[in-house]
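A.B. asks: Before I ask anything, let me first share the structure, which is written out below as structure tokens.
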Amino acid sequence: MKKTILALDVYDFQKAEKLVKETSPYIDVYKVGPILFLQSGKEIIKMIKDNGKEVFLDLKFHDIPATVKRSVESAKDLGVFSLTVHSIGGEEMLEAASSVENRPKIWAVTVLTSQITTPEEVVRRAKLTKACGIDGVISSPLEISLIKNECGKKFNVVTPGIRPAKANDDQKRVATPEMAIKEGADFIVVGRPILEAENPAEAAKNIYESVLIQ
Ligand code: C5P
């Protein structure tokens with residue numbers, strides 16, 4: 010599977026469809042977040058799957074265990090490839106989420122990057138999620154190797170905050186696609202460097218090629 014996940018942070022079905030079609034040679038998984046999901050929900054998921062691609066449903070579930078379990082079941086019924094939960098929901102919630110049979114991959118947010126934390130706390134949460142049967146975590150580029158060392162190679166690390174060398178915007182803890190993959194990221198999540206490029210297909214191609222030669 011290709012390593013770049015495109016964050017479909019556009020809020021218009023037609024735009025999203027155009028992007029999926031244009032970038033499909035270089036991307037296998039598209040991330041759908043709450044805004045697009047609340048606007049076009051099932052339609053957007055169907056469109057991505059009809060184009061032969063997979064969905065990463067990034068709704069960051071955090072609720073009582075029974076509700077999170079049912080949410081995972083519903084995401085499974087939609088046929089998504091992966092979804093997110095918050096590690097802060099605790100052991101019981103994480104175990105309830107992972108107990109769903111034949112479920113999508115579950116990746117946990119350790120600590121939101123908008124919050125102050127320490128690498129030790131991120132690793133502590135990553136280990137907790139692993140012990141609860143969760144498949145991996147969303148991690149800043151800075152913590153990839155630490156998490157891989159502590160949780161093992163098979164534990165997925167999915168990394169946003171990716172910027173090709175020349176980008177300049179609000180993401181502070183960034184890495185280039187090459188650096189993140191070299192550190193051990195299983196997937197990189199890229200939004201604006203592709204979405205805001207003059208030619209999104211070309212930007213996706215450049216990122217695809219830059220991680221191919223790793
Ligand atoms: O546009 P950009 O490449 O920064 O997009 C990154 C995507 O990853 C966005 O959808 C953003 O919400 C998401 N994300 C992030 N940092 C996290 C978790 C998710 O940037 N810690």
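Using the numbering used here, you'd call the opening residue of the sequence shown number 10 and step up by one each time. Backbone N, C-alpha and C define an ideal beta-carbon position, used for all residues, glycine too.
In angstroms, rounded to a whole number, what distance separates the CA positions of residue 156 and residue 166?
C.D. replies: By 1-based counting over the sequence shown, the position of residue 156 is 147. By 1-based counting over the sequence shown, the position of residue 166 is 157. In a straight line, the C-alpha of residue 156 is about 8 Å away from that of residue 166.
A.B. asks: Between which residues of its own chain and residue 67 is the CB-CB distance below 6 Å, once the five residues before and five after are set aside?
C.D. replies: In the sequence shown, the residue the question calls residue 67 occupies position 58. Only 40, 42, 93 meet the Cβ criterion.
A.B. asks: Report the CB separation of residue 117 from residue 81 in whole angstroms; it is logged as a contact under 8 Å.
C.D. replies: Counting from 1 along the sequence shown, the entry for residue 117 is found at position 108. Counting from 1 along the sequence shown, the entry for residue 81 is found at position 72. About 12 Å separates the two Cβ atoms, so there is no contact after all.
A.B. asks: Please report the residue range of the alpha helix (DSSP H) in which residue 65 lies.
C.D. replies: Along the sequence shown, one-based indexing puts residue 65 at 56. No alpha helix (DSSP H) contains residue 65, which is instead part of the beta strand (DSSP E) from 63-70.
A.B. asks: Going straight from the alpha carbon of residue 209 to that of residue 203, what length do you get?
C.D. replies: As a first step, residue 209 is located in the sequence shown; it is residue number 200 there, counting from the start. As a first step, residue 203 is located in the sequence shown; it is residue number 194 there, counting from the start. Whole-angstrom Cα-Cα distance: 5 Å.
A.B. asks: From the DSSP output, in three-state form, read off residue 215 for me.
C.D. replies: The residue you call residue 215 lines up with position 206 of the sequence shown. Residue 215: helix per DSSP, three-state reduction.
A.B. asks: So is the beta-carbon of residue 153 under 6 Å away from any non-hydrogen atom of the ligand C5P?
C.D. replies: Residue mapping note: residue 153 aligns to position 144 of the sequence shown, counting from 1. Flag unset: Cβ of residue 153 not near the ligand C5P.
A.B. asks: Just list the residues that DSSP pairs residue 138 with in beta bridges.
C.D. replies: Along the sequence shown, read from residue 1 onward, the residue named residue 138 stands at position 129. DSSP, once it has assigned bridges, lists no residue as partnering residue 138.
A.B. asks: Within the same chain, show all residues whose beta-carbon is closer than 8 Å to that of residue 20, passing over the 5 residues directly before and after it, in chain order.
C.D. replies: Start at 1 with the first residue of the sequence shown, and residue 20 comes out as number 11. Hits under 8 Å: 44, 45, 48.
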